[in-house]
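Visitor: Positions 13 to 320 (my numbering) are the ones given, in order, by the sequence shown. For each residue, glycine too, the CB sits at the ideal point set by N, CA and C. The structure presented is a predicted model; accordingly, all values stated were derived computationally and were not measured.
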Amino acid sequence: MKSKHVAVLLGGFSSERPVSLSSGKACADELEKEGYQVTRVDVGRDVGSVLAELKPDVVFNALHGPFGEDGTVQGILEYLGIPYTHSGVLASALAMNKEQAKRVAKAVGVPVAESKVASRFAIQSKHPMKPPYVVKPVNEGSSFGVVIVHEGQSHPPQVIGSSEWKYGDTVMVERYIHGRELTCAVMGDVALGVCEIIPTGHSFYDYDSKYVAGGSKHECPAKVSPNIYQKIQTLALKAHQAIGCRGVSRSDFRYDDRHSENGEVVWLEVNTQPGMTPTSLVPEIAAQAGHSFGDLLSWMVEDASCLR
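#1: Of the choices Tyr91, Gly47, Pro78, Val31, whose alpha-carbon is the least far from that of Gly60?
#2: Using 8 Å for Cβ pairs, my map puts Val116 next to Lys148. What's the rounded Cβ distance?
#3: Which of helix, strand or coil does DSSP assign to Met312?
#4: Three-state secondary structure (DSSP) at Leu75?
#5: Rounded to whole angstroms, what is the Cα-Cα separation between Gln86 and Phe72?
#6: In or out: Gly164 buried (at least 16 other Cβ within 10 Å) or exposed?
#7: Count the other CB atoms, across all protein chains shown, that sit within 10 Å of the CB of Val202; report buried if there are 16 or more and exposed otherwise.
#8: Could you compute how far the alpha carbon of Lys67 sits from the alpha carbon of Thr291?
#9: Between which two residues does the alpha helix (DSSP H) containing Ala38 stretch?
#10: Just how far apart, CA to CA, sit Arg320 and Ser99?
#11: Would you call the CB atoms of Val129 and Leu247 closer than 7 Å?
#12: Under three-state DSSP, which class holds Asp268?
#13: Measuring CA to CA, which of Gly56, Ser310, Leu22 is closest to Gly259?
#14: Going by DSSP in three states, Ala234 sits in which element: helix, strand or coil?
#15: Excluding sequence positions up to five away, which residues of its chain have a Cβ less than 8 Å from the Cβ of Pro168?
#16: Return the residue from the list Ile189, Pro233, Thr51, Ala113 that minimises the CA-CA distance to His252.
#17: Measure the C-alpha to C-alpha separation of Arg132 and Tyr188 and round it to an integer number of angstroms.
#18: Which of the three DSSP states is assigned to Arg192 in this structure?
#19: Per DSSP, what kind of secondary structure is Pro149 in: helix, strand or coil?
#20: How big is the Cα-Cα spacing for Val120 and Leu249?
#21: Determine the burial state of Val313: buried for a count of at least 16 other Cβ atoms within 10 Å of its Cβ, exposed for fewer.
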């Protein structure tokens, strides 16, 4: 019933606030066009009392980053008994911790890159593994804090140990996988299309590639062989289900086809709160599968629940 009152959570106070504001605005505007009664809530630490007073039928969670997608706000919504979109407490917390998520995915046969977790101070003076490798915060999204250490680099990146670093003291060090950046969206229990992300003027799919217009080119559907396309869909759905995701998620992969067409496919992570900005991938992938932006968001609202 389109007369539902939907509270769209946006903004918040993580480093991904600008992305969340953009996602939230796009979703709120579209849900209004779909006939829902929409209230925009710029999330502060009083979000529990704000929602208790507002009493919406559904919460559309358009938050990104810590607090918004790590199980914290999901726990508040469970406590309040308000149905909400996307994954629940456990899946959100698990997916946000990259190393733990990889352990679960690997246990069901999803191929992952060799990695280790370390204190950022412990890797300042000596390479934690043979380059090339990637250093990334364990609990951040949108490529914040990702540093690539290239072959032949004589020492670890100094920024990791500096006072400028603001992404926590625990980092994940992961073998660098050469190749193409592929992503696959899952909607409910259906893997949608596979899209290739080609950064323009960037060495990898960093923050600007994701959110600045023209920062990357999206090849939807990805130009890969049918067996690789299907393999990625299968792995995305397997990871989504193993981690316990609900609603919409998006899994990211690297595909190294330098030596053969079958190559190496490696799962990197699952995003339980994929971006919904004008340059975001999930709306584009959904459109390829025949779901308009309005249809996608309406489906998410109707799919909302507690105890997820």
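Guide: In short, the structure shows the following:
#1: For the purposes of this step, residue 60 is identified with residue 48 of the sequence shown, where counting begins at 1. Looking at the Cα atoms, Tyr91 is the closest of the given residues.
#2: For the purposes of this step, residue 116 is taken as the residue at position 104 of the sequence shown. For the purposes of this step, residue 148 is taken as the residue at position 136 of the sequence shown. Your pair Val116 and Lys148 does not check out as a contact, with CB atoms roughly 18 Å apart and the cut at 8 Å.
#3: Here residue 312 refers to the residue found at position 300 of the sequence shown. Met312 falls in the helix class under three-state DSSP.
#4: The count along the sequence shown starts at 1 and reaches residue 75 at position 63. Note: Leu75 maps to coil in three-state DSSP.
#5: Against the sequence shown, residue 86 aligns to sequence position 74. Against the sequence shown, residue 72 aligns to sequence position 60. Using only the alpha carbons, I get a separation of about 11 Å.
#6: Within the sequence shown, the letter at position 152 stands for residue 164. Under this definition Gly164 is an exposed residue.
#7: Along the sequence shown, read from residue 1 onward, the residue named residue 202 stands at position 190. Counting Cβ neighbours within 10 Å, Val202 comes out exposed, since fewer than 16 surround it.
#8: Counting from one through the sequence shown, the residue named residue 67 turns up at place 55. Counting from one through the sequence shown, the residue named residue 291 turns up at place 279. When rounded, the distance between both Cα atoms is 32 Å.
#9: Sequence index remark: in the sequence shown, residue 38 carries index 26 (1-based). Here the alpha helix (DSSP H) through Ala38 covers 29-45.
#10: For this step, residue 320 is matched to residue 308 along the sequence shown. For this step, residue 99 is matched to residue 87 along the sequence shown. In a straight line, the C-alpha of Arg320 is about 6 Å away from that of Ser99.
#11: Along the sequence shown, one-based indexing puts residue 129 at 117. Along the sequence shown, one-based indexing puts residue 247 at 235. Their beta carbons are not under 7 Å apart, which means Val129 does not touch Leu247 by this criterion.
#12: Reading the sequence shown from its first residue, position 256 is the one you call residue 268. Strand.
#13: Taking the first residue of the sequence shown as 1, we reach residue 259 at position 247. Comparing Cα positions, the closest option is Ser310.
#14: Translated into the one-based positions of the sequence shown, residue 234 becomes position 222. Looking at Ala234 - three-state DSSP - the assignment turns out to be coil, as it is neither helix nor strand.
#15: Within the sequence shown, the letter at position 156 stands for residue 168. So the list reads Ile135, Gln136, Ser137, Lys138, His139, Pro140, Val147, Val161, once near-sequence residues are dropped.
#16: Sequence index remark: in the sequence shown, residue 252 carries index 240 (1-based). With distances taken between Cα atoms, His252 lies closest to Ala113.
#17: Against the sequence shown, residue 132 aligns to sequence position 120. Against the sequence shown, residue 188 aligns to sequence position 176. The straight-line gap from Cα to Cα measures roughly 18 Å.
#18: For the purposes of this step, residue 192 is taken as the residue at position 180 of the sequence shown. Correct three-state label for Arg192: strand.
#19: Looking up residue 149 in the sequence shown gives position 137. Assignment of Pro149 by DSSP, reduced to helix, strand and coil, places it in the strand class.
#20: On the sequence shown, position 108 is the one that residue 120 refers to. On the sequence shown, position 237 is the one that residue 249 refers to. Approximately 11 Å between the Cα atoms of the pair.
#21: Sequence index remark: in the sequence shown, residue 313 carries index 301 (1-based). Its Cβ being crowded by 16 or more others within 10 Å, Val313 is buried.
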